[in-house]
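Asker: My questions will all concern the structure given below.
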Amino acid sequence: MDLNHLDDYCIETTQSEPDLLIELVEKTYSDMGYPNKLSGKTIGRTLKLLSKVTQPKRALEIGMFTGYSALSIAEGMPEDGELICCETNPRAIEFAQTFFDRSPHGQKIKAIFGPALETIKELKGEFDFAFIDADKRNYLNYYEAILPLVKSGGLIIIDNSLWQGRVLDPKENSDIAVNQLNRLIAQDKRVENVHLNVRDGLNLVVKH
31 MDLNHLDDYC IETTQSEPDL LIELVEKTYS DMGYPNKLSG KTIGRTLKLL SKVTQPKRAL
91 EIGMFTGYSA LSIAEGMPED GELICCETNP RAIEFAQTFF DRSPHGQKIK AIFGPALETI
151 KELKGEFDFA FIDADKRNYL NYYEAILPLV KSGGLIIIDN SLWQGRVLDP KENSDIAVNQ
211 LNRLIAQDKR VENVHLNVRD GLNLVVKH
């Protein structure tokens, strides 16, 4: 059995994303730098499914890039849901907005330009759902900043939690930060979690 093809098999046997998201992926690869930042089909459909199951009225995303994950989350949210996205790349925000404007779920999304840690300080009220997928060196800081804003029973999803396997032998600052967050969560009495080996890792965390 060739385990290297299992990821491809899972992608093949997961229902497809909407045509608009497929177009977004293609245009990101043709027009934007670092297209590997995209969440991808498996993570995107997982986000949509988790959003559909939890029905968050208010959600937060740290690291929006070109909007693939944001549209995936918004697709599962109720019609009156609000998704606040933090992003530091103005070109990515402009790119994403062109797709938000064409999506039936785009009106749920509000993109905010600026460092996420500064934006979070200005946010009021509770969140039901949060997705962390930004600069890895700040992962622990994002988690600690978000946790007080997430309501009891709320879901926090951390992407790239395996960081291409570097968490097994962390050397760079980003490797160390992702590993520290994973280790903290495993012992954190404020939450419960399951760490999944999906694509580049998903750490699913529910606040007590």
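Quick note, the sequence shown lines up with residues 31 to 238 if you use our numbering.
Ideal Cβ positions, reconstructed from N, Cα and C, are used throughout, including at glycine.
(1) Roughly how many whole angstroms lie between the Cα atoms of V208 and D131?
(2) Tell me, which residues are paired with D189 by DSSP?
(3) Identify whether K140 lies in helix, strand or coil by the three-state DSSP scheme.
(4) Which first and last residues belong to the beta strand (DSSP E) in which R75 is found?
(5) For K237, which beta-bridge partners are listed by DSSP?
(6) I'd like to know whether the C-beta atoms of L90 and F157 end up nearer to each other than 7 Å.
(7) Which residue marks the beginning of the beta strand (DSSP E) containing L90, and which one marks its end?
(8) When burial is assigned at 16 or more other CB atoms within 10 Å of the CB, is G195 buried or exposed?
(9) If we ignore side chains and look at the alpha-carbon of each, how far apart do D218 and Y173 end up?
(10) Please report the straight-line C-alpha distance between T149 and I73, rounded to a whole angstrom.
(11) How would you label K28, buried or exposed, when you count the other beta carbons within 10 angstroms and need 16 or more for buried?
(12) Between the segment 110-119 and the segment 83-99, are three or more C-beta pairs nearer than 8 Å?
(13) Taking 6 Å as the limit between beta carbons, can you name the residues of its chain near I206, skipping five residues before and five after?
(14) DSSP three-state call for D61: helix, strand or coil?
(15) Should K151 be labelled buried (16 or more other beta-carbon atoms within 10 Å of its own) or exposed?
(16) Is there contact between the segment 98-107 and the segment 45-54, where contact requires at least three CB pairs shorter than 8 Å?
(17) Buried or exposed: where does E117 fall if 16 or more other Cβ atoms within 10 Å of its Cβ makes it buried?
(18) Measure the alpha-carbon distance for K181 versus H238 and round it to whole angstroms.
(19) How close, in whole Å, do the beta carbons of G184 and F159 come, if the pair is a contact with beta carbons under 8 Å?
(20) Can you tell me which of G70, F125, T84 puts its alpha carbon nearest to the alpha carbon of T96?
(21) Going by the beta-carbon positions, is the gap between R167 and N203 smaller than 7 Å?
(22) For the beta strand (DSSP E) containing E112, list its first residue and its last residue.
Answerer: Quick answer:
(1) 34 Å
(2) L232
(3) strand
(4) Premise fails: R75 lies in the alpha helix (DSSP H), 71-84, not in any beta strand (DSSP E).
(5) V221
(6) yes
(7) 88-92
(8) exposed
(9) 12 Å
(10) 25 Å
(11) In this structure the chain extends from 31 to 238, so residue 28 is not present and cannot be described.
(12) yes
(13) P200
(14) helix
(15) exposed
(16) yes
(17) buried
(18) 8 Å
(19) 6 Å
(20) F125
(21) yes
(22) 112-117
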